[in-house]
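For reference, the structure is listed below as C-alpha cells.
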Amino acid sequence: MNKEIEKHNGLIKELSPELSNKIAAGEVIQRPSSVVKELLDNAIDSGADHIRVIIQNAGRTLIQVIDNGCGMSKEDIPLCFLRHATSKIHEVNDLFNIQTMGFRGEAMASISAVSQVTLKTKKFEDEMGYEYEVWGNKVKNFEPAAVDNGTSVAVRNLFYNVPARRAFLKTDATEFRHILITFQQAALANADISFELIADTDSVYNLPAGPLDQRIVEIFGKSYRASLIPVEEKTSYVNVWGYVIDPKMAKKNRGEQFLFVNNRPFYHRYILHIILNIYRQWIQPNEYPFFALFYDINPQEVDVNVHPSKLEVKFGDERSVTAFTRSIVKKALNERFNVPVIGRGESPGGKSYGDFESGFSFGKSGDTSINRSGGDSIQFPSRINFDKRRGNRESLTDELYGGFGGNPQGIPGKYNTGSIPQPEYDKGRGFWQLHDRYIISQTLTGLFIIDQHSAHKRIIYEKALQATESALPSTQQLLFPQTIEFSASDFSLLKELHPIIQKMGFNIQLLSGNTAMVLGVPADIKMGDERHLLESILQQYQDLSSQLKLKDREKVALAMANKASIPRGKKLNDMEMERLIDQLFSCKEPYLDPLEKPTIVYIPLDEIESRFR
Ligand SMILES: Nc1ncnc2c1ncn2[C@@H]1O[C@H](COP(=O)(O)OP(=O)(O)O)[C@@H](O)[C@H]1O
Ligand SMILES: [Mg+2]
Numbered sequence: 005m006n007k008e009i010e011k012h013n014g015l016i017k018e019l020s021p022e023l024s025n026k027i028a029a030g031e032v033i034q035r036p037s038s039v040v041k042e043l044l045d046n047a048i049d050s051g052a053d054h055i056r057v058i059i060q061n062a063g064r065t066l067i068q069v070i071d072n073g074c075g076m077s078k079e080d081i082p083l084c085f086l087r088h089a090t091s092k093i094h095e096v097n098d099l100f101n102i103q104t105m106g107f108r109g110e111a112m113a114s115i116s117a118v119s120q121v122t123l124k125t126k127k128f129e130d131e132m133g134y135e136y137e138v139w140g141n142k143v144k145n146f147e148p149a150a151v152d153n154g155t156s157v158a159v160r161n162l163f164y165n166v167p168a169r170r171a172f173l174k175t176d177a178t179e180f181r182h183i184l185i186t187f188q189q190a191a192l193a194n195a196d197i198s199f200e201l202i203a204d205t206d207s208v209y210n211l212p213a214g215p216l217d218q219r220i221v222e223i224f225g226k227s228y229r230a231s232l233i234p235v236e237e238k239t240s241y242v243n244v245w246g247y248v249i250d251p252k253m254a255k256k257n258r259g260e261q262f263l264f265v266n267n268r269p270f271y272h273r274y275i276l277h278i279i280l281n282i283y284r285q286w287i288q289p290n291e292y293p294f295f296a297l298f299y300d301i302n303p304q305e306v307d308v309n310v311h312p313s314k315l316e317v318k319f320g321d322e323r324s325v326t327a328f329t330r331s332i333v334k335k336a337l338n339e340r341f342n343v344p345v346i347g348r349g350e351s352p353g354g355k356s357y358g359d360f361e362s363g364f365s366f367g368k369s370g371d372t373s374i375n376r377s378g379g380d381s382i383q384f385p386s387r388i389n390f391d392k393r394r395g396n397r398e399s400l401t402d403e404l405y406g407g408f409g410g411n412p413q414g415i416p417g418k419y420n421t422g423s424i425p426q427p428e429y430d431k432g433r434g435f436w437q438l439h440d441r442y443i444i445s446q447t448l449t450g451l452f453i454i455d456q457h458s459a460h461k462r463i464i465y466e467k468a469l470q471a472t473e474s475a476l477p478s479t480q481q482l483l484f485p486q487t488i489e490f491s492a493s494d495f496s497l498l499k500e501l502h503p504i505i506q507k508m509g510f511n512i513q514l515l516s517g518n519t520a521m522v523l524g525v526p527a528d529i530k531m532g533d534e535r536h537l538l539e540s541i542l543q544q545y546q547d548l549s550s551q552l553k554l555k556d557r558e559k560v561a562l563a564m565a566n567k568a569s570i571p572r573g574k575k576l577n578d579m580e581m582e583r584l585i586d587q588l589f590s591c592k593e594p595y596l597d598p599l600e601k602p603t604i605v606y607i608p609l610d611e612i613e614s615r616f617r
C-alpha cells in the first residue's frame, strides 16, 4: 500500500485476497449448478470420453466430477487455482470463444474460494498422480497419490465460508433441478462422451456415447424414440440441426427446451417463443414440447451477453436466424404430419417455404442423427435490449393468431413481455422497386426482397384481426356514401358477417331490398370501388369456408387481406414503400403472409459474393 493511502488512517484498505476472491467467486458461482457447469466444462475440455458426476444433498455437501481426460502435471495443479490461470486462452483467438467456452481461467479459483476442494489428477504419461486439497483458497494438503488417469474434482460444503450465500440457496428440489438441466445440456451437446450422474445413492443417468437421438432417448425416455423429428438445414449464414418432437409428446413442464450455439447452451427468448408458437396449434397452453436445436455460425456473428448462469445471444442477423428457425421447424412438423396449415387451402400442394428456401439456399432436410444442446428456459431473465417500442407486439399477435398458432395464456409470462427484433434495414439507404412488384432494401449483412402484395396482405390481415379486439376500429368515412345492391345470397352473408365487418373498420348500414349503404372503410384500405371490394371479400369468405380451422373473423380478415392489398404491378413511391415496410415490421409475423408464404426473402452478402466467384 502506498503512503497516500496510509495517510487516510486505513480508511481505504486493499481487499484481502481472500475477500476479493470471494467477491469474484460470487459472480461465477451462484449455486451448486454453477459448479457443476464449470467442472463439466473443464472435464469436456480435458478430452475425456467418460465423465461421472456425483452429487450429494443437491450439491450442498458434495459435487464431484470425475473425468478420464488429459490430467494435470504436478506444476499445473497449484496454478489452476489461481485467478486467470488457464491453459486454454492462447488457443483461442476471438472473444466469442473466450466468453462462451468459459475460458476465463476463473472457475477453479472461484470454486476453491467458497468451498473445500479436493483435486486428484494424473496425466496418462506420468507414473504418479497427485492429491491437492484447498479450503477457501488455503492449501491444506498436496501429496503424491495413487490415482486414475484423468482428473477428479470434489467440491465439498459449498459456501461454507459465505453464510449469506448458503442461506440464499433454494430448496434441494430446486437446486437439483438446476443441476439436472446443466447436466442435460452438457450431455446433449456432447453425445460422443459417456456421462453418468449419481445423486445421493441413486444412479440418475448412465449415458453411453452414441448419436444424439439415442442420447435424447436415454435422457428423456423411450417414449421419445418414435417421436423425434430431425431438423437439419444449412445456409451460408447459419446451419441449424437437431431434433424437435411430435406435439403429442408435449409435457406440462418447460424444462426440455434446448438451444445451442456453436455447441454451447444459450438462451434466446424470441426463438423459444417462435418455436412454442408453432406448436400452439397442437398443444395445450400449459404444455411444452421437447426440442434441441444446434446453431452453427461464424462466432463473429454472435453477440454474447454472458452471465454466470446463462448465455444470451444476439445474432448479427437476427432476422435471418429467427425466420430460418421458424420455417425449418414448421417444415419439419408439416412434413412429418402433413398437417393442414392455414394457406394450404388456397395453394393446394403449394410449397409454403419455397421462396424461403431459395432465398436462404437451404439444403435438403436430412434424416440424420445429430447432436444438440439446450437453453435453460427457467432461470434467465432476458437482457437483450430489443426495440422497446415493439414491446406489446408478441402478446398482441398471439391473440390474433389464437385460432391456429398463438395462445396468449400459453405463452409463459416472460415471453409475453418480449419483443421482436428490430428490423435492421438501413433506412437511409432507401428502397428500390423492382418490376413494380418487389421492394429491395439493403440490410446490414445483405439485402431483402419484399413482395409488396404479400407484405400488404400481412399488414391488413393483422390490422383487421387486431381491430376486432379493440373497442374503436379505425375507419375512414367516405365523402360520398355508396349504396350498393347485392345478390340475395351475398346480402344474407353480409348480414351474417356484419358485426365482424363493422369491427374491422367498415361502416355499413343494412337497408331493405338486399341493399346496403357503405359509409366508411377500414383506415388501411384504399377507397374507391367499394362494391367490388365487398363482393370479392364475400366471395373469398365463401371460398375459405372449407378451412375449418379458421374462425369467422380470420376468414374475413384473410378475405380482406387478399382483396384489399396493394396488387402486384402497382408503382409505389419512396414514401409508400417506406410506410409499407414500417408497417410490415410492426406486424407480429412480418416474415409470412397470412397463408404462411414468405413476404421477405433475404440474400446474405456472402451468397451474392459467391455468385461472382
Ligand atoms: N478436469 C480437468 N482436466 C485437465 N485440466 C483441468 C481440468 N480442470 C481444470 N484444468 C486446468 O485448470 C485450468 C483452469 O481451469 P478453469 O479455472 O476452469 O479455467 P479455464 O477452464 O477457463 O481455463 C484449465 O485451463 C486447465 O488447464
Ligand atoms: Mg473452465
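Numbering (the numbering used here), first residue to last: 5 to 617.
Where is the CB? At the ideal position from N, CA and C, for every residue including glycine.
Asked                                                                                                                                                                  : Found
Taking the beta carbon of Leu501 as the centre, do at least 16 other beta carbons fall within 10 Å, making it buried, or is it exposed?                                : buried
With the cut-off set at 9 Å, would you say Val244 and Leu232 are in Cβ contact?                                                                                        : no
Within this structure, are the beta carbons of Pro602 and Thr449 separated by less than 9 Å?                                                                           : no
Do Pro148 and Tyr164 have their C-beta atoms closer together than 9 Å?                                                                                                 : no
Is Val39 close to ligand 3? I mean its beta-carbon at under 8 Å from any heavy atom of the ligand.                                                                     : Absent from the structure shown: ligand 3. Ligands present: ligand 1 and ligand 2.
Between the C-alpha atoms of Glu361 and Glu539, what's the straight-line distance to the nearest angstrom?                                                             : Note that Glu361 scores 29 on pLDDT, short of 50, meaning its location in the model is unreliable and no value can be drawn from it.
Does any heavy atom of ligand 1 sit closer than 8 Å to the C-beta of Glu110?                                                                                           : yes
To test your reading of the DSSP string, which unbroken alpha helix (DSSP H) runs of 4 or more residues are found completely within the segment 203-277?               : 216-224
Under a Cβ-count criterion, where at least 16 other Cβ atoms within 10 Å of its own Cβ denotes burial, should Pro571 be classed as buried or exposed?                  : exposed
Report the option in Ala336, Asn302 and Val265 whose CA atom is closest to the CA atom of Glu316.                                                                      : Val265
What number of angstroms, rounded off, separates the C-alpha of Val248 from the C-alpha of Tyr136?                                                                     : 44 Å
Can you tell me whether Ser116 is buried or exposed, with buried defined as 16 or more other CB within 10 angstroms of its CB?                                         : buried
DSSP on Pro2, reduced to helix/strand/coil?                                                                                                                            : With the chain running from 5 to 617 in the structure shown, residue 2 is simply not present.
Closest by CA to Lys555, which one among Leu515, Thr472 and Asp528?                                                                                                    : Thr472
Let's test the definition: count the other Cβ atoms within 10 Å of the Cβ of Ser478 and tell me whether it reaches 16, buried, or not, exposed.                        : exposed
Name the residue from Arg330, Val242, Pro269 and Glu237 whose alpha carbon lies nearest to the alpha carbon of Ile275.                                                 : Arg330
On the three-state DSSP scale, how would you describe Met521?                                                                                                          : strand
On a Cα-Cα basis, can you pick out the residue from Gly225, Arg323, Val522 and Gly63 that is closest to Tyr595?                                                        : Arg323
Within 9 Å of any Cβ in chain D, is that where the Cβ of Leu476 sits?                                                                                                  : No chain D appears in the structure shown, which is made up of a single protein chain.
Just to confirm my understanding: we take His536, look at its own chain, exclude 5 residues before and 5 after, and list those with CB closer than 8 Å. What are they? : none
Have a look at Phe294, Lys507, Asn290 and Asn267 and flag the residue whose alpha-carbon is nearest the alpha-carbon of Ile279.                                        : Phe294
Take Met581 as the anchor and find which of Leu438, Ile55 and Phe146 has the nearest alpha-carbon.                                                                     : Leu438
Should Met508 be labelled buried (16 or more other beta-carbon atoms within 10 Å of its own) or exposed?                                                               : buried
So, do the segment 302-309 and the segment 251-259 have three or more beta carbon pairs nearer to each other than 8 Å?                                                 : no
Report all residues from its chain with a CB closer than 8 Å to the CB of Gly51; omit the five preceding and five following residues, and keep chain order.            : Gly73 and Cys74
Once the 5 residues before and after Ser614 are set aside, which same chain residues still bring their CB inside 6 Å of it?                                            : none
With DSSP as the reference, identify every bridge partner of Lys124, one or two as the case may be.                                                                    : Glu135 and Ser156
According to DSSP, simplified to helix, strand and coil, what is Asp130?                                                                                               : coil
Would the beta-carbon of Val157 fall within 9 Å of that of Thr205?                                                                                                     : no
Touch check for the segment 514-530 and the segment 484-501: three-plus C-beta pairs under 8 Å?                                                                        : yes
For ligand 1, any of its heavy atoms closer than 8 Å to the Cβ of Ala47?                                                                                               : yes
May I ask you to verify whether the segment 33-45 touches the segment 186-195, counting CB pairs closer than 8 Å and requiring at least 3?                             : yes
Helix, strand or coil, according to DSSP, for Phe163 in the structure here?                                                                                            : coil
In or out: Asp597 buried (at least 16 other Cβ within 10 Å) or exposed?                                                                                                : buried
Just checking Cys84 against ligand 1 - is the residue's beta carbon closer than 8 Å to any of the ligand's heavy atoms?                                                : yes
Whole angstroms is fine: what's the gap from Glu466's alpha carbon to Met112's?                                                                                        : 53 Å
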